[in-house]
Each structure stands twice: as structure tokens, then as C-alpha cells.
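Notes for the one structure printed next.
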Amino acid sequence: MKIIIKILAVAAALWVSTQLVAGITVTTETTAKQIGTLLAVALLFGVINTVLKPIIKTFGCAFYVLTLGLFALVVNAGLLLLTSWIAAQVHLPFHVDGFWAAFWGAIIVGLVSWLLDLVFGD
């Protein structure tokens, strides 16, 4: 149940980022397809974060310390770009157009996910 709530929260955060960031798009004909795409991308984003983020944190530990954690913003943007690329490979209509869109999108996804975690709890 916890995983389903987390996927729904990330899907909602991705939707907010598509509304606020010009370079993040979901191109579907219907609302139902858009919801399905956002849920699939949220699941994909969760898998990518679960697998790669600990590895990146381990090898990039010095960058995290030197930048006082700001390197995490770059890492999150990169993971969102990777999610966009993989989504294109599996024919999901989700696209992030460049680093800055990914950077701002990652900040929005992080903030909205954090707020939803506060409301619904872990």
C-alpha cells in the first residue's frame, strides 16, 4: 500500500511539473492516457531512483560534501533526464527538454513529493 501511495504522489508531482515547467511535456490525446502515462513514468522514476541514487551518492560523496548538498539538485535533474530518455525508449509520451527543464522539474517533483509525504505520511 505504501508503494502505491508513493507512486501516486510522484505522479502528482510530475503532473505539477508539467504544468509549471515549459520543457516538461506529456503528449497524449485524453486525460485517461495522461494519467496512465504519469503513473508509468512515476513507477519508472521510482525504479531509477531506487537503483541509481544510492550508487551515485556513494561515488559522488565528495561532491555532496563540497557543495553542501547542492550537487543533489544536479543528480536529481540527471535522473529526471534519464527517466525521460527511458520513457522515450519504451514509447511513453513523456519528454524533458534539456538540463534546465530537468533541474526545475526535479526541484518541483521533490517539493511536491515532500509536501504530499507530510500530508499523507510515510
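So the sequence shown is residues -22 to -1, 1 to 100, counted in mature numbering (1 follows the signal peptide of the UniProt record, and there is no 0).
Glycine included, each C-beta is placed from N, C-alpha and C at the ideal position.
Exercise for the section: State the DSSP-derived secondary structure class of T3, mapped to helix, strand or coil. Expected result: strand
Problem - Ranges of the alpha helix (DSSP H) found wholly within the region 25 to 72, counting only runs of at least 4 - result: 39 to 44 and 49 to 67
Practice task
Using the Cα positions of A80 and I(-20), report the straight-line distance between them to the nearest angstrom.
Solution key: 24 Å
Exercise for the section: Could you name the residues of the same chain whose beta carbon sits closer than 7 Å to that of G76, not counting the 5 residues immediately before and after it, in chain order? Expected result: G1
Practice task
Taking only the alpha-carbon atoms, compute the straight-line gap between H69 and I(-16) and give it to the nearest angstrom.
Solution key: 20 Å
Exercise for the section: Give a yes or no on contact between the region 40 to 57 and the region 81 to 95, applying the rule of three or more CB pairs nearer than 8 Å. Expected result: yes
Handout entry: Rounded Cβ spacing between T8 and F72 (contact assumed at less than 8 Å)
Key = Going by Cβ atoms, the distance from T8 to F72 rounds to 15 Å, so no, they are not a contact pair.
Handout entry: Candidates T3, A10 and F23, of which the one nearest I64 by Cα
Key = F23
Exercise for the section: Decide if L(-9) is buried, meaning its Cβ has at least 16 other Cβ atoms within 10 Å, or exposed. Expected result: buried
Practice task
Express the C-alpha separation of I26 and T61 in angstroms, rounding to a whole number.
Solution key: 7 Å
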